[in-house]
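Undergrad: Right, I'll just put the structure down here and ask away after.
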Amino acid sequence: MKKIYQDIVLAKTENRKLLAILLDPDQMDYDQLHLLKDKIKLSPATHILVGGSIVVSDKVDFLIQFLKETLVLPIILFPGNPSQISKYADGILFLSLLSGRNPDYLIEHQVNAVPFLRNTALEIIPTGYLLIDGGRQTAVERVSKTKPLDRNNTEYICHTAKAGEFLGKKLIYLEAGSGAKLSVPWEVVKAVSNTISIPLIVGGGIRTQKGIQEAYDSGADMVVIGTAFEQNIDFFNND
Ligand code: 1GP
């Protein structure tokens, strides 16, 4: 029970860094799933996240079932809204967009997700989600209709992350947005990591191995890679 979260906490304690590959069901080439699975197996990924700000594909269940059959990694939902919930995953980042002031993404979607979640065995991981300005408007900003936090206002970002911890969130996710021009500044990652005591996820705009390492060195416990792997399936083999 609560195995995914316990493992994340244990990894933090042991300073064992985690890597999640984000798969967006709308961006997948479903004819190439076996190749994708092979590449994931060859990668250093420790977790798979499935989701996106807008997912219109009806293949979420199919994709997750395929991944479950062929991979041993935990599959965690990263949903933009309740329609993306699949009972076949292992867990769900139960996100609350703490950087924004849109009640739909603070509580409304979460309430609407309950009827689905009650009929699943998904491990629910309360996650404070902070969108940080990544140099261009991203899908999260468009869909959630919220402004990202000023990337230079480290103090306010730290206060927001700490408020998430005080509210009982189990993880903080610092997000520059998928395909961001700029990742979350390393000083911000460092400052947040020093402010909170719960595990820290960092993603958005990280496209190089060096970037992944810098995020770890700054205090990220888990790094999320979406676009870089989506655009180059050999990203982890030859960067
Ligand atoms: C998006 O943080 C993830 O939610 C990953 O971002 O697609 O830019 O890697 P990228």
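Following this note's numbering, the numbering of the sequence shown begins with 305 at its first residue and continues without gaps. Positions of the beta carbon are idealized from the N, C-alpha and C atoms, including for glycine.
From Q546 to P378, what distance separates their C-alpha atoms?
TA: For the chain, the structure presents residues 305 to 543; residue 546 sits outside this window and is missing.
Undergrad: Looking at the structure shown, is W471 part of a helix, part of a strand, or coil, going by DSSP?
TA: Residue 471 is actually Leu in this sequence, not Trp. Reduced to three states, the DSSP call for L471 is coil.
Undergrad: Curious, which full-length beta strand (DSSP E) runs of at least 3 residues does the stretch 310–336 contain?
TA: For the stretch 310–336, whole beta strand (DSSP E) runs of length 3 or above, ordered along the chain, are 322–327.
Undergrad: For T450 and D311, what's the separation of their Cα atoms in angstroms?
TA: 32 Å
Undergrad: What do you reckon, are the CB atoms on G523 and K494 nearer than 8 Å?
TA: yes
Undergrad: Run through the stretch 398–452 for me and flag every whole beta strand (DSSP E) of 3 or more residues, listed as ranges in chain order.
TA: 427–435
Undergrad: For the structure I just gave you, are there three or more beta carbon pairs, one from the stretch 404–415 and one from the stretch 440–454, closer than 8 Å?
TA: yes
Undergrad: Express the C-alpha separation of D365 and P329 in angstroms, rounding to a whole number.
TA: 10 Å
Undergrad: Just curious, the alpha helix (DSSP H) that V376 is in, first and last residue?
TA: That residue, V376, is in no alpha helix (DSSP H); it is neither H nor E in DSSP.
Undergrad: Is E445 a contact residue of ligand 1, with contact defined as CB to any heavy atom under 7 Å?
TA: no
Undergrad: Would you kindly check if the distance between the Cβ of K474 and the Cβ of I505 is under 8 Å?
TA: no
Undergrad: Count the other CB atoms within 10 Å of the CB of E338; is the residue buried (16 or more) or exposed (fewer)?
TA: Here residue 338 turns out to be His, not Glu, going by the sequence shown. Exposed, because fewer than 16 other Cβ atoms sit within 10 Å of the Cβ of H338.
Undergrad: Which class does I344 belong to by DSSP, given the choice of helix, strand or coil?
TA: helix
Undergrad: Could you pull the DSSP bridge partners for Y477 from this structure?
TA: Y433, I505
Undergrad: By alpha-carbon positions, which one of K372, P386, H413 ends up nearest to D619?
TA: The first residue shown for the chain is 305 and the last is 543, placing residue 619 beyond what the model contains.
Undergrad: Tell me the DSSP bridge mates of I529?
TA: I325
Undergrad: In or out: E318 buried (at least 16 other Cβ within 10 Å) or exposed?
TA: exposed
Undergrad: Near G404, what residues of its chain come up, given a Cβ to Cβ distance below 6 Å and the 5 sequence neighbours on each side ignored?
TA: S448, T450
Undergrad: My assumption, with CB atoms under 8 Å, is that F540 sits in contact with P348. Please give the rounded CB distance.
TA: 6 Å
Undergrad: Taking the alpha carbon of M526 as the reference point, which residue from D454, L367, V313 has its own alpha carbon closest?
TA: V313
Undergrad: Using only CA atoms, which one of D362, W490, P419, R511 lies nearest to Q331?
TA: D362
Undergrad: With distances taken Cα to Cα, identify the nearest neighbour of Q414 among T424, A425, G384, Q441.
TA: G384
Undergrad: Consider the C-beta atom of G530 and the heavy atoms of ligand 1; say whether any pair is separated by less than 7 Å.
TA: yes
Undergrad: Once the 5 residues before and after K485 are set aside, which same chain residues still bring their CB inside 8 Å of it?
TA: G438, G439, R440, G509
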